[in-house]
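For the sequence shown, position 271 matches number 738 in the numbering used here, and the numbering has no gaps at all. The C-beta atom is built at its ideal place from N, Cα and C for all residues, glycine as well. As structure tokens, the structure follows; a few thoughts come after it.
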Amino acid sequence: MLALLKLFGGLFLGWGIGANNAGNMFGTAVGTGAVKYRTAVVCVAVFVLVGSILEGYKLYDGYKFDKSGEFKVSFTQAAVATTAGAASIMVQTYFGIPTSTTQNAIGGVMGISILSMGMAGISWTKLLYWLVSWIILPIASAAVSYAGVRGLGWVVQRTVKRVAVLNTIYKIGLLVFGCYGAYAMGANNVVVTTGPFYQAGFFGDPSRAHAIWAATLGGVAMAVGALTYGGNVIRTVGKDITALDPFSALIAVLTHSLVVHFFTQLAIPVSSSQAIVGAVAGVGLVRGVSTVNARKLWAIFSAWFLSPVVAALLAIGIALALGIR
């Protein structure tokens with residue numbers, strides 16, 4: 468129990484990720500009425516944990532930003548970084564904004580890293596590489612979902628004529644792809660919850676076994692977050708960006724799942740929110756720009772831009788207040 472209390476910052480961050488990102492996998496399904504809310508949150512909880520355990524370890528060894536590769540974050544610094552990231556996520560989750568949990572978490576780590584090592588000690592090349600990936604992510608998601616609706620829509624309309632059969636396909640597809648999306652999110656995002664503690668040596672020397680143990684704890688926290696506080700963002704993703712029919716929702720969720728899982732194999736932590744928002748926007752563009760809620764998208768993009776800055780400043784402020792360098 469004492470060990471879990473020491474990990475409070477990371478577990479709190481995991482809770483915030485699960486709460487904020489539940490809508491990314493099932494917001495479209497719940498918004499179209501294809502999947503019930505309770506079913507959705509249970510599926511997210513189960514599969515985010517499975518993804519964390521089976522593939523989350525892949526990102527742990529690379530979750531550091533020092534140029535030399537020899538700097539070791541302290542346990543206290545890890546706690547401050549994760550707590551700052553979680554606090555930033557909490558505020559945006561309260562307002563129903565699908566914020567980038569990855570950017571919040573990394574912002575907290577960057578704030579601590581800058582305070583400890585100075586600007587010269589940071590690997591800006593690595594950070595730039597990740598930033599470029601974050602920019603590409605929503606654009607790629609929009610392009611893939613747009614192409615998917617254009618191409619597969621034509622095939623479905625001409626091969627499946629019975630409405631009842633179509634509805635069954637949509638419901639099963641949304642459930643399956645939503646579970647796959649939760650799995651992919653767990654595999655990709657869990658590193659930001661306990662990754663700093665792993666780098667600090669809390670779980671022992673770096674190894675695959677210790678990384679799996681760290682990912683399991685983070686996955687449990689994410690699952691609890693989805694079960695207890697995942698409602699607000701589900702509505703935002705499902706209805707506020709653009710109205711979705713079941714087929715469009717299916718394509719959006721599949722696109723999100725494939726893109727996030729792809730970046731997991733590259734060991735790059737990306738934003739599940741950026742993937743789904745880009746996919747939903749791409750679907751909306753099929754029916755014309757006027758169908759996309761530009762104001763809502765602007766609010767989301769603004770939050771993405773501010774998130775890492777806010778988290779970094781929070782981390783620096785907390786560290787200075789506590790006398791931690």
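Alpha-carbon to alpha-carbon, S774 and G697: The straight-line gap from Cα to Cα measures roughly 19 Å.
Is the CB-CB distance between A572 and L480 below 8 Å? Against a cut-off of 8 Å, the Cβ pair of L480 and A572 comes out as a contact.
Could you give the DSSP three-state label for I573: helix, strand or coil? The DSSP-derived three-state label of I573 is helix.
Based on the DSSP secondary-structure assignment, which residues constitute the bridge partners of I589? Under DSSP, I589 takes part in a beta bridge, and its partners are D533.
For I794, the nearest candidate out of A607, T543, A545, G574 (CA to CA): Outside the modelled stretch of the chain, which goes from 468 to 792, sits residue 794, for which no answer is possible.
Around the C-beta of G500, are 16 or more other C-beta atoms found within 10 angstroms, so that it is buried, or is it exposed? Exposed, by the Cβ-count rule.
S739 - containing alpha helix (DSSP H), residue span: It spans 739-753 - the alpha helix (DSSP H) in which S739 sits, taken as one unbroken run.
If we call anything under 8 Å between Cβ atoms a contact, is G648 one with V720? Contact annotation: G648 and V720 have beta-carbon atoms nearer than 8 Å.
Leaving out the 5 sequence neighbours to the left and right, which residues in its chain are closer than 8 Å to Q741 when beta-carbon positions are compared? For Q741, the CB contacts under 8 Å within the same chain, skipping 5 residues up- and downstream, are S567, W601, L604, P605, S608, W771 in chain order.
Any C-beta of chain B under 8 Å from that of L619: The structure shown contains no chain B, having only a single protein chain.
Excluding sequence positions up to five away, which residues of its chain have a Cβ less than 6 Å from the Cβ of S590? Excluding positions up to five away in sequence, the list reads F532, K534.
Considering only C-alpha positions, which residue in the set L780, F493, T549 is nearest to P663? Of the candidates L780, F493, T549, the one whose C-alpha sits nearest the C-alpha of P663 is T549.
Report the option in G668, N491, G645, S739 whose CA atom is closest to the CA atom of C510. Measuring C-alpha to C-alpha distances from C510 to each of G668, N491, G645, S739 identifies G645 as the nearest.
Is V659 helix, strand or coil by DSSP? In the structure shown, V659 adopts helical secondary structure according to DSSP, grouped into three states.
What did DSSP end up calling K628 once you bin it into helix, strand or coil? Looking at K628 - three-state DSSP - the assignment turns out to be coil, as it is neither helix nor strand.
Exposed or buried, what is W482 when buried is set at 16 or more other beta-carbons lying within 10 Å of its beta-carbon? Looking at its Cβ environment, which holds 16 or more other Cβ atoms inside 10 Å, W482 is buried.
Range of the contiguous alpha helix (DSSP H) that encloses R675: R675: member of the alpha helix (DSSP H) spanning 675-696, first to last residue.
With burial defined as no fewer than 16 other Cβ atoms inside 10 Å of the residue's Cβ, what is the status of M433: buried or exposed? Nothing in the structure corresponds to residue 433, since the chain is present only between 468 and 792.
Whole angstroms are fine: how far does the CA of G745 sit from the CA of V611? G745 has its alpha-carbon roughly 9 Å from the corresponding atom of V611.
In chain order, what residues of the same chain have a beta carbon less than 8 Å from the beta carbon of R712, not counting five sequence neighbours either side? Correcting the residue type first, residue 712 is Asp in the shown sequence and not Arg. A distance below 8 Å between beta-carbons, with the five flanking residues on each side excluded, links D712 to the following residues of its chain, in chain order: T499.
Assign N656 to buried or exposed, taking buried as 16 or more other Cβ atoms, counted over all protein chains shown, within 10 Å of its Cβ. A residue is called buried once 16 or more other Cβ atoms fall within 10 Å of its Cβ, and N656 is buried on that count.
Count the C-beta pairs between the stretch 681-693 and the stretch 514-524 that are closer than 8 Å, then say yes if the count reaches three, no if not. Verdict: yes, contact present.
Which one of V576, R625, L787, A734 has the shortest CA to CA distance from V776? The closest CA to that of V776, considering only V576, R625, L787, A734, is found on V576.
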